[in-house]
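Structure record follows, encoded as structure tokens.
There are 2 protein chains.
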Amino acid sequence: MSEAHFDSLMKAALLQRFPKQVVLIEEGHRPDFLHVVVEGLVELFSQHRSRETTIDIIRPVTTFILAAVATDEVYLKSARTLTPARILLVPAQAVRDMLTRDPDFARAMIHELALRYRGIVRTLKNEKLRSGSERVANWIIRTSQDGEKSGSIVLTYDKRTLASHLGMTPESLSRAFSHLADYGVRCHGRKIEISDRSALLSFAAPDPLIDG
Amino acid sequence: MSEAHFDSLMKAALLQRFPKQVVLIEEGHRPDFLHVVVEGLVELFSQHRSRETTIDIIRPVTTFILAAVATDEVYLKSARTLTPARILLVPAQAVRDMLTRDPDFARAMIHELALRYRGIVRTLKNEKLRSGSERVANWIIRTSQDGEKSGSIVLTYDKRTLASHLGMTPESLSRAFSHLADYGVRCHGRKIEISDRSALLSFAAPDPLIDG
DNA sequence: CGCAAAATTGAACCCAATCAATGTTCGTGG
DNA sequence: CCACGAACATTGATTGGGTTCAATTTTGCG
Chain A
409 MSEAHFDSLM KAALLQRFPK QVVLIEEGHR PDFLHVVVEG LVELFSQHRS RETTIDIIRP
469 VTTFILAAVA TDEVYLKSAR TLTPARILLV PAQAVRDMLT RDPDFARAMI HELALRYRGI
529 VRTLKNEKLR SGSERVANWI IRTSQDGEKS GSIVLTYDKR TLASHLGMTP ESLSRAFSHL
589 ADYGVRCHGR KIEISDRSAL LSFAAPDPLI DG
Chain B
409 MSEAHFDSLM KAALLQRFPK QVVLIEEGHR PDFLHVVVEG LVELFSQHRS RETTIDIIRP
469 VTTFILAAVA TDEVYLKSAR TLTPARILLV PAQAVRDMLT RDPDFARAMI HELALRYRGI
529 VRTLKNEKLR SGSERVANWI IRTSQDGEKS GSIVLTYDKR TLASHLGMTP ESLSRAFSHL
589 ADYGVRCHGR KIEISDRSAL LSFAAPDPLI DG
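Which chain is which? The protein sequence lines are A and B, in order. If you read the first sequence in our numbering, its first letter stands for residue 409, the second for the next number, and so on. If you read the second sequence in our numbering, its first letter stands for residue 409, the second for the next number, and so on.
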């Protein structure tokens with residue numbers, strides 16, 4: 409998009425810091441701002457009759473509640489920070505105005521919406537087509553290759569949070585880890601070690617159509 | 409969008425009929441056409457290691473695999489007709505070209521993508537926050553007020569299909585119906601009767617943030 | 001060092017899937 | 001028009017993955 413347009417958006421926007429576990433938006437409210445995670449982790453979740461479920465975890469740099477801003481309807485989900493975070497807040501009206509003014513911006517928005525859509529489809533497939541242990545196994549594989557430290561991971565947050573990431577209770581996560589011991593996964597405190605990657609891989613069966 | 413542009417898209421498109429249970433697209437393939445359901449029901453589903461799950465059910469008139477066309481990446485899900493259907497096939501390249509040519513079209517696409525995104529969020533919430541019986545109860549309520557026939561529904565398709573709609577097996581659906589008998593739901597063959605709507609409502613607890 | 005939160009472990013339970021058997025419906029061909 | 005077979009539907013028994021509740025143990029931090 410044009411630099412002038414970008415600047416005008418940024419001028420209207422605010423960059424704000426939040427501590428962890430702060431609720432940023434609540435389902436049912438109307439969108440005032442488009443949110444962009446600049447730093448930290450944000451969890452999208454939803455509640456109904458005292459039940460709660462994680463819908464997505466957002467990492468930098470991505471937008472969230474873009475769809476609500478685009479349609480100007482109430483949020484379908486709530487968001488909270490999982491870690492301390494920096495969030496860029498862009499006034500919703502400014503975004504909608506820009507849509508009609510800048511075709512490149514509109515195209516970027518299409519791309520972003522499409523990506524987010526595909527992301528949620530992956531999340532859904534991960535949840536519905538895999539057991540808890542399989543989700544953990546795939547999470548280990550993905551995370552351990554991000555860090556490039558071939559054989560181990562050190563958690564940056566606690567296991568409760570990881571469990572909610574993976575759509576399960578802390579108890580289930582704990583049992584999943586002990587199950588994965590059969591495939592060479594050991595975990596001492598916050599350190600997770602992988603001794604037999606190929607065994608883990610064959611159990612996890614990562615799939616580009618789920619894991620990207 | 410402009411009529412001329414619309415015509416040019418339509419000229420490139422084809423309207424085709426399909427019998428039921430025909431696989432229209434397969435996950436992992438590249439998008440050749442944007443699909444639009446004009447008539448009938450289409451199920452989006454996905455497979456992994458011999459497991460299969462329904463991701464969404466599309467009814468007229470909506471597009472599907474729009475996100476794959478927008479990003480020009482492989483499909484993340486497959487699609488099959490649940491009933492005989494008429495599908496409009498618009499060449500993917502024509503859609504992408506039109507994006508850059510017609511700003512109104514781009515805006516319409518944003519709107520559609522956002523709607524589809526919100527649709528899948530609702531589906532996900534319905535699945536994760538409700539039990540099977542609750543999903544059935546809410547489906548009954550929604551469907552019975554569509555028809556305006558206050559106290560009864562007549563199924564237009566078989567219960568296997570309904571079960572897949574609702575993300576459960578035919579056996580579970582059957583048990584859910586007998587469970588709902590406690591709330592005044594009787595079902596004889598393809599006819600479902602509701603004798604105590606308020607009891608059903610209090611069990612179902614419909615929610616605008618899930619059911620729309 | 002000591003306490004509170006987090007993590008693990010065990011037991012009971014619940015929802016839903018699966019397997020298996022039987023009953024019902026529906027479409028078709030005689 | 002009826003009879004028959006195949007698909008659909010229901011019911012029961014069993015299983016399994018996962019949650020919940022409760023009791024310890026471990027961890028991390030003041």
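Ideal Cβ positions, reconstructed from N, Cα and C, are used throughout, including at glycine.
Interface flag for Ala516(B) against chain A is unset, since no Cβ pair is found closer than 8 Å. Cβ-Cβ distances below 7 Å link Val593(A) to Ile548, Phe585, Ile600, Ile602, Leu608 in the same chain, with the five nearest sequence neighbours on each side left out; the list follows chain order. One finds Thr479 in chain B with Cβ atoms closer than 7 Å to the Cβ of Leu523(A), taken in chain order. Separation of Ala613(B) and Ser458(B) (C-alpha to C-alpha, rounded to the nearest whole angstrom) is 35 Å.
Taking C-beta atoms as the reference points, Thr577(B) and Lys536(A) fail to come closer than 8 Å. Pro511(A) has a beta carbon lying within less than 8 Å of a beta carbon in chain B. In the three-state scheme derived from DSSP, where H, G and I count as helix and E and B as strand, His443(B) is classed as strand. Under DSSP, Thr491(A) takes part in no beta bridge, so it has no partner. When secondary structure is reduced to three states using DSSP, Ser454(B) falls in the strand class.
Taking the Cα positions, Val562(B) is about 9 Å away from Gly597(B). When the Cα atoms are used, Ala475(A) and Ala522(B) turn out to be separated by approximately 5 Å. With a cut-off of 8 Å on Cβ pairs, the region 527 to 542 of chain B is not in contact with the region 480 to 499 of chain B, counting fewer than three such pairs.
Partner residues in the beta bridge of Val593(A), as assigned by DSSP, are Ile602(A). Our two residues, Ala516(A) and Val444(A), have alpha carbons roughly 14 Å apart in a direct line. Take the alpha-carbon of Arg504(A) and the one of Ser560(A): they are about 45 Å apart. Closest by C-alpha distance to Phe472(B), out of Thr491(B), Pro492(B), Leu449(B), Gln455(B), is Leu449(B). Judged by DSSP secondary structure, Glu411(A) falls within the alpha helix (DSSP H) whose first and last residues are 411 to 420. When C-beta atoms of the region 418 to 437 of chain B are compared with those of the region 489 to 500 of chain B, three or more pairs fall below 8 Å, so the two segments count as touching.
The three-state reading of DSSP puts Gln501(B) in helix, counting H, G and I together. For the region 475 to 503 of chain B, the beta-carbon criterion of a distance under 7 Å to any beta-carbon of chain A is satisfied by Ala475, Ala478, Thr479, Leu484, Lys485. With a threshold of 8 Å between beta carbons, His456(A) makes contact with chain B. Rounded to whole angstroms, the gap between the alpha carbons of Gln553(A) and Ser572(A) is 21 Å. Under the DSSP assignment, Ile465(A) falls in the beta strand (DSSP E) whose first and last residues are 459 to 466.
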